[in-house]
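Trainee: Take a look at this one; I'll ask things after.
Residue numbers (the numbering used here): 688 to 1073.
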C-alpha cells in the first residue's frame, strides 16, 4: 500500500509541478503549495448486512479475516452517463451483500440473498446502460462448495428503476456442467470472453469461451438465453490477450495529460473505465525493475467532461468539469489527498456523482480482507471554492 511521506490533512494540491518518488519504499511524495480544506467527509463500514457510519476507520468493529472472494467488500464500481436533469448514478458491487446506489449525497443499499449469499460478486460493467455483474462460488475457499445449487447464476443485472436484481444467464446456458464456475470475464462492448474453472476428482481444469448475444443482453433470462447466444470455444492465449496490460504510451491522451506531472521513473498501473461502458482497460508504465516486483496501482474514470484517477494511498488527480459545474482550476489538473488510512489499509474503486465522491477502503493483507467500507466526500468546497 502506498504511503505519503508528508501528509496534509485532506488538502487540495494547487500545484503539481514538484513531485518525487521514493524508489526504496515505493511511495509518492508530493511537495507543493497547499490550501487546507475543512473536514467535509464521512466514513462508513460494512456490518450486519448493511453499512454504518463511524467517526474514524479505526473505530469500525473488528472483522474476521477472510479471503477476498468471501469477504464483504466493494469489488467494483461503475458510473452511468446521467442526463441534464439529475445527478448521474454511481454503483458499487458489494461482495456478499448487494449493490450500493449513489446519487449526489444520497446512498442506498439493495440486497438479494438468493443471488449474493455465499457467492463472489464482481466485474461490474454496463450493457445497454444497465449495470451488469458476475457471480460465482470460489471452490477453493467457499465452505458451501459441496452444496447443490438450486440456481447457478453467472450474469446478473441490477435494474436501477425497479431496484431489483435479475439473472440473465446461468452457467448451464453456456453449455457448462454444474461443477463449473465462471470466475472471470472481459466484455469489450460486443464479445464476452470467459474463464471457466471446473473441479475434477483429481485436478482442477480451466477452459475458455467467448459469446455474444443476438439481441439486447438485458432482455435475456435463463429460460430464453440458450437460443440467444452465439458461443465459440476459446483458449488461454486469447483470454490472456484480452487481459494483457497496455503500455501507458498508448493510453488515451486525457489520461496521459492527467498524470503527466508524475515522475518519469515512477512505475504505475492504472485501471481505466469509461463512464457507462464495458470492462476497464489496464495501462502500465514500467521503466525499471522494482526490487519487490510491485508497481503503484490506481483506478481511473473518464467521462465526457471530467477525468479522475485515485491511487491506493488516497491521492487523486482530477481535471475538467463535474456535473453542471464550470471547469475547475482554469482547466489545470488538481490533486487531492483523501484522509490518511492506518497501516494495512488502502483505497480502492470510486465514483463521482454530482459533486460527491465515494471511494472504497479496506483492511487487507495479501489475499485476505478484514474491515471494509467507503468514504463519502463533498467536492464542492474543495474544487469550486473561490
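For every residue, glycine included, the Cβ atom is placed at its ideal position computed from N, Cα and C.
Please read these numbers as outputs of a predicted model, since none were measured by experiment.
How long is the line joining the alpha carbons of residue 782 and residue 748, rounded to whole angstroms?
Mentor: Roughly 18 Å separates the two Cα atoms.
Trainee: Taking 7 Å as the limit between beta carbons, can you name the residues of its chain near residue 814, skipping five residues before and five after?
Mentor: Answer for residue 814: 904, 905, listed in chain order.
Trainee: Select from 987, 991, 859, 1012 the residue whose C-alpha is nearest the C-alpha of residue 1066.
Mentor: With distances taken between Cα atoms, residue 1066 lies closest to 1012.
Trainee: Buried or exposed: which applies to residue 927, given that a residue is buried once 16 or more other Cβ atoms fall within 10 Å of its Cβ?
Mentor: With fewer than 16 other Cβ atoms within 10 Å, it is exposed.
Trainee: Using the three-state DSSP reduction, which class does residue 1046 fall into: helix, strand or coil?
Mentor: Strand, per DSSP.
Trainee: Using the beta-carbon count (16 or more within 10 Å), is residue 909 buried or exposed?
Mentor: Label assigned to residue 909: buried.
Trainee: Count the C-beta pairs between the region 949–966 and the region 982–998 that are closer than 8 Å, then say yes if the count reaches three, no if not.
Mentor: Judged by Cβ distances under 8 Å, the region 949–966 makes contact with the region 982–998, as three or more pairs qualify.
Trainee: Suppose the cutoff is 8 Å on Cβ atoms and the five residues either side in sequence are ignored; what does the same chain contact list for residue 1059 look like?
Mentor: Contacts found: 732, 733, 750, 758, 759, 760, 761, 1047, 1048, 1049, 1050.
Trainee: So residue 1006 is in the beta strand (DSSP E); what residue range does that whole segment cover?
Mentor: Per DSSP, residue 1006 belongs to the beta strand (DSSP E) from 1002–1007.
Trainee: So what does DSSP say about residue 786, is it helix, strand or coil?
Mentor: Of the three classes helix, strand and coil, the one that applies to residue 786 here is strand, per DSSP.
Trainee: I'd like to confirm something about residue 914: is its beta-carbon nearer than 6 Å to some heavy atom of the ligand MG, or not?
Mentor: Absence of the ligand MG is noted for the structure shown, with no ligands found whatsoever.
Trainee: Assign residue 1072 to buried or exposed, taking buried as 16 or more other Cβ atoms, counted over all protein chains shown, within 10 Å of its Cβ.
Mentor: So residue 1072 counts as exposed.
Trainee: When burial is assigned at 16 or more other CB atoms within 10 Å of the CB, is residue 912 buried or exposed?
Mentor: Buried: at least 16 other Cβ atoms inside 10 Å.
Trainee: Does residue 954 come out as helix, strand or coil in the three-state DSSP assignment?
Mentor: The answer is coil: DSSP assigns residue 954 none of H, G, I, E or B.
Trainee: Within a Cβ cutoff of 6 Å, which residues of the same chain sit near residue 894, ignoring the five residues on either side of it in sequence?
Mentor: Once the five neighbours on either side are set aside, the close Cβ partners of residue 894 are 883.
Trainee: Helix, strand or coil: which one does DSSP assign to residue 990?
Mentor: Looking at residue 990 - three-state DSSP - the assignment turns out to be coil, as it is neither helix nor strand.
Trainee: Between the region 931–941 and the region 873–882, are three or more C-beta pairs nearer than 8 Å?
Mentor: The region 931–941 is not in contact with the region 873–882.
Trainee: Using the C-alpha atoms, what's the distance from residue 920 back to residue 931?
Mentor: Residue 931 and residue 920: Cα-Cα distance of roughly 19 Å.
Trainee: In the DSSP output, which residue or residues are listed as bridge partners for residue 819?
Mentor: According to DSSP, residue 819 bridges with 812, 844.
Trainee: Leaving out five residues on either side along the sequence, give the residues of the same chain with a beta carbon under 6 Å from the beta carbon of residue 812.
Mentor: Cβ within range, chain order: 819, 874, 965, 966.
Trainee: Considering only their Cβ atoms, is the gap separating residue 755 from residue 1054 smaller than 7 Å?
Mentor: Going by C-beta atoms, residue 1054 is nearer than 7 Å to residue 755.
Trainee: For residue 1058, does the three-state DSSP call read helix, strand or coil?
Mentor: It is a strand residue.
Trainee: If you draw a straight line from the C-alpha of residue 861 to the C-alpha of residue 918, how long is it?
Mentor: Going from the Cα of residue 861 to the Cα of residue 918 covers about 7 Å.
Trainee: Cβ of residue 1024 within 7 Å of Cβ of residue 1042?
Mentor: No. Outside cutoff.
Trainee: When the Cα of residue 745 is compared with those of 1040, 784, 1026, 866, which residue comes out closest?
Mentor: It is 1026.
Trainee: So for residue 995, helix, strand or coil by DSSP?
Mentor: Residue state, collapsed to three classes: strand.
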